Structures are given as structure tokens and as C-alpha cells.
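Position in the sequence shown (from 1) plus 2 gives the number in this note's numbering. For every residue, glycine included, the Cβ atom is placed at its ideal position computed from N, Cα and C. Bear in mind the structure is a predicted one, so any value in this text is a computation, not a measurement.
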Amino acid sequence: MIEVTLVEGRQDLERILALQSANLREVVAAEDARREGFVTVAHTLAILEQMHSIAPSVIARDGEHVAGYALVMPVEARTLIPMLEPMFHQFETLLWRGQPLAALPYYVMGQICVAHDYRGQGVFDALYREHRARYASRFALCVTEVATRNTRSMRAHARVGFEVVRTYRDAVDEWAVIAWDWTSA
Numbered sequence: 003m004i005e006v007t008l009v010e011g012r013q014d015l016e017r018i019l020a021l022q023s024a025n026l027r028e029v030v031a032a033e034d035a036r037r038e039g040f041v042t043v044a045h046t047l048a049i050l051e052q053m054h055s056i057a058p059s060v061i062a063r064d065g066e067h068v069a070g071y072a073l074v075m076p077v078e079a080r081t082l083i084p085m086l087e088p089m090f091h092q093f094e095t096l097l098w099r100g101q102p103l104a105a106l107p108y109y110v111m112g113q114i115c116v117a118h119d120y121r122g123q124g125v126f127d128a129l130y131r132e133h134r135a136r137y138a139s140r141f142a143l144c145v146t147e148v149a150t151r152n153t154r155s156m157r158a159h160a161r162v163g164f165e166v167v168r169t170y171r172d173a174v175d176e177w178a179v180i181a182w183d184w185t186s187a
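Next up, the structure:
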């Protein structure tokens with residue numbers, strides 16, 4: 003039985019890193035990346051521990067196995083991964099329903115990944131339900147960006163309630179900035 007809860011410690015974080023490393027864009031075959039999705043950023047244990055100390059991430063466990071994870075990256079953690087600074091800077095320029103995004107309490111979905119053997123079983127949605135249950139009283143929005151060519155991720159995010167705020171292209175890919183508003187409904 004899959005348990006979806008907050009990360010409890012170092013062992014959970016190490017298991018997250020193992021799942022992450024198997025799903026990085028650089029190691030996933032192009033056809034698998036197109037069909038199954040991929041993750042872009044490789045974290046370190048030290049970074050995950052710092053993020054966890056601000057706000058614990060959500061993990062789906064099946065016994066000793068990690069079925070999936072969804073990383074919480076509060077704005078306060080933005081300096082931990084310098085390559086994400088342009089993303090945070092971009093967020094500062096955006097409006098959400100007529101208000102500056104930066105004026106709203108939000109956090110970034112630092113990354114979400116479901117293990118291959120657990121895909122199509124509702125783990126993705128369960129991870130986000132747990133995020134909302136744990137963090138909707140503290141944050142108005144969950145914001146992230148997804149490579150538009152990661153069509154599986156784009157569809158899954160739209161299904162749980164994310165809306166596209168903006169799309170843009172950088173040197174790496176075309177991205178959709180997406181937000182999930184927790185203040186309505």
C-alpha cells in the first residue's frame with residue numbers, strides 16, 4: 003500500500019536522489035523522455051536537507067520503495083540552486099490574475115517524479131493532494147515551470163489544476179510557467 007506523507011529524514015532524501023538520478027533528462031532515452039517524462043535539475047543531499055529544513059517535501063512510499071516525490075522549494079531556498087535563479091527572477095516579473103506574483107505567498111514545486119513502476123496509478127495526483135493538504139494554509143499558490151516538450155508532465159499538471167501563466171524559451175528549452183491557485187475552491 004502506498005503511503006503519501008512528508009519526508010521524514012535523510013533516508014527519504016537519499017531515496018529521492020536515487021529516483022531522481024534515474025529520471026534525469028541526460029540519462030533517459032529520447033523516446034522514453036517524450037513518452038514518460040523526465041526531470042531537469044539534479045539536487046544534492048545537502049540542498050535537499052536545506053530545503054527540507056524550511057518546508058518538508060512530500061513523498062509516496064511503498065514499503066521501502068519510493069513510488070514518487072514532490073519537492074517543496076520555498077522562495078527562501080532560491081539561492082540553493084544558482085541555475086534556477088533566472089526562473090525566480092522571471093517569477094518576479096509575472097502577474098497572477100492582475101496581481102504581481104511576487105506579492106502573493108507562493109512556493110515552487112521544486113520537482114515531481116513518479117517511479118516508472120508506479121506511473122498511471124494516481125501517485126502524481128496523490129502527491130499534489132498531499133501538497134495542498136499540507137501547504138494551502140501557508141501558501142496561496144504552487145508555481146513551477148515545465149518543459150513544454152515534456153507532454154506527460156504538462157498534461158498531468160493541467161489535470162490537477164495548474165494553469166499556464168506564460169511560456170518562454172531559453173538556451174535549454176521552451177518552458178511553461180504554471181500555477182495552481184489554492185485560494186479558489
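Would you say V43 and C115 are within 7 Å of each other, going by their C-beta atoms?
Taking a C-beta distance under 7 Å as the contact criterion, V43 and C115 do not qualify as a contact pair.
Under 8 Å, with one C-beta from each stretch per pair, do the region 103 to 113 and the region 138 to 157 reach the 3-pair mark?
Flag = yes, the region 103 to 113 and the region 138 to 157 touch.
Please classify P58 as buried or exposed, where buried requires at least 16 neighbouring CB atoms within 10 angstroms.
Around the Cβ of P58, a 10 Å sphere holds 16 or more other Cβ atoms; the residue is buried.
On the criterion of 16 or more Cβ atoms from any shown chain inside 10 Å, does R37 qualify as buried, or is it exposed?
Residue environment analysis places R37 among the exposed positions, since fewer than 16 neighbouring C-beta atoms fall within 10 angstroms of its C-beta.
Return the bridge partner residues of R171 from the DSSP annotation.
E176.
Just the Cα atoms here: how many angstroms apart are M169 and R27?
Before going further, note that residue 169 is Thr rather than Met in the sequence given. About 20 Å.
Spell out the partners DSSP gives Q101 in its beta bridges.
Looking at the DSSP output, Q101 bridges to W98.
Three-state secondary structure assigned by DSSP to H67
Under the three-state reduction of DSSP, H67 is assigned to strand.
By the 10 Å Cβ neighbour count, where 16 or more other Cβ atoms means buried, how is D172 classified, buried or exposed?
Counting other Cβ atoms within 10 Å of its Cβ, D172 stays below 16 and is therefore classed as exposed.
Under three-state DSSP, which class holds A31?
Looking at A31 - three-state DSSP - the assignment turns out to be coil, as it is neither helix nor strand.
For L97, which of E132, A181, A135 and F126 has the nearest alpha-carbon?
With distances taken between Cα atoms, L97 lies closest to A181.
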